[in-house]
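Visitor: Can you keep this structure in mind? I'll have questions shortly.
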Amino acid sequence: SDKALARTIMKKLSGIMFDNSKSVLQHIMEIRDIAAQLKSLEVEISESFIVHFILNTLPTKYGAFKVSYDTHKEKWSINELFLEKKSYKLVLSLYLLYLV
């Protein structure tokens with residue numbers, strides 16, 4: 008039934024943590040896709056909750072990215088989080104390249 012499937016998907020979502028087996032961008036997309044699956048089963052999760060959930064699943068080495076979220080804008084959508092992560096990665100790469 009849809010109810011049982013929703014519970015299974017919610018259990019999967021609640022157990023997700025970033026583990027370096029994939030990129031952060033893939034991690035964000037995975038959580039976004041799970042949220043979409045739940046929405047299709049009429050289990051609504053706010054976008055704001057998903058953004059905070061994603062940030063909470065990231066390890067401490069992504070602290071600067073979390074601070075960026077906290078200081079730049081009141082709220083980001085999932086897509087903005089995805090784009091900010093891509094921008095952050097590019098800026099960090101350029102910074103590291105400049106140091107070398």
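Last residue of the sequence shown: 107 (our numbering), numbering continuous. Every residue, glycine too, gets a C-beta built ideally from N, C-alpha and C.
1. With a threshold of 8 Å on Cβ separation, who are the neighbours of residue 4 within its own chain once the five nearest residues in sequence on each side are excluded?
2. Helix or strand or just coil, what does DSSP make of residue 26?
3. Measuring CA to CA, which of 34, 51, 69 is closest to residue 14?
4. To the nearest angstrom, how far is it from the Cα of residue 61 to the Cα of residue 8?
5. Between residue 12 and residue 48, how many whole angstroms is the CB-CB distance? I'm expecting something under 8 Å.
6. In three-state terms, what does DSSP make of residue 87?
7. Going by Cα to Cα distance, which pick from 76, 27, 73, 18 is closest to residue 41?
8. Let me check understanding here. Comparing Cα to Cα, which of 87, 22, 10 lies closest to residue 55?
9. Does residue 35 get closer than 8 Å to chain C when you measure Cβ to Cβ?
Guide: In brief:
1. Outside the shown range of the chain (8 to 107) lies residue 4, about which nothing can therefore be said.
2. coil
3. 51
4. In this structure, the alpha-carbon of residue 61 lies about 28 Å from that of residue 8.
5. Indeed they touch by this definition, with Cβ atoms about 6 Å apart.
6. helix
7. 18
8. 87
9. In summary, chain C is missing from the structure at hand, where a single protein chain is found.
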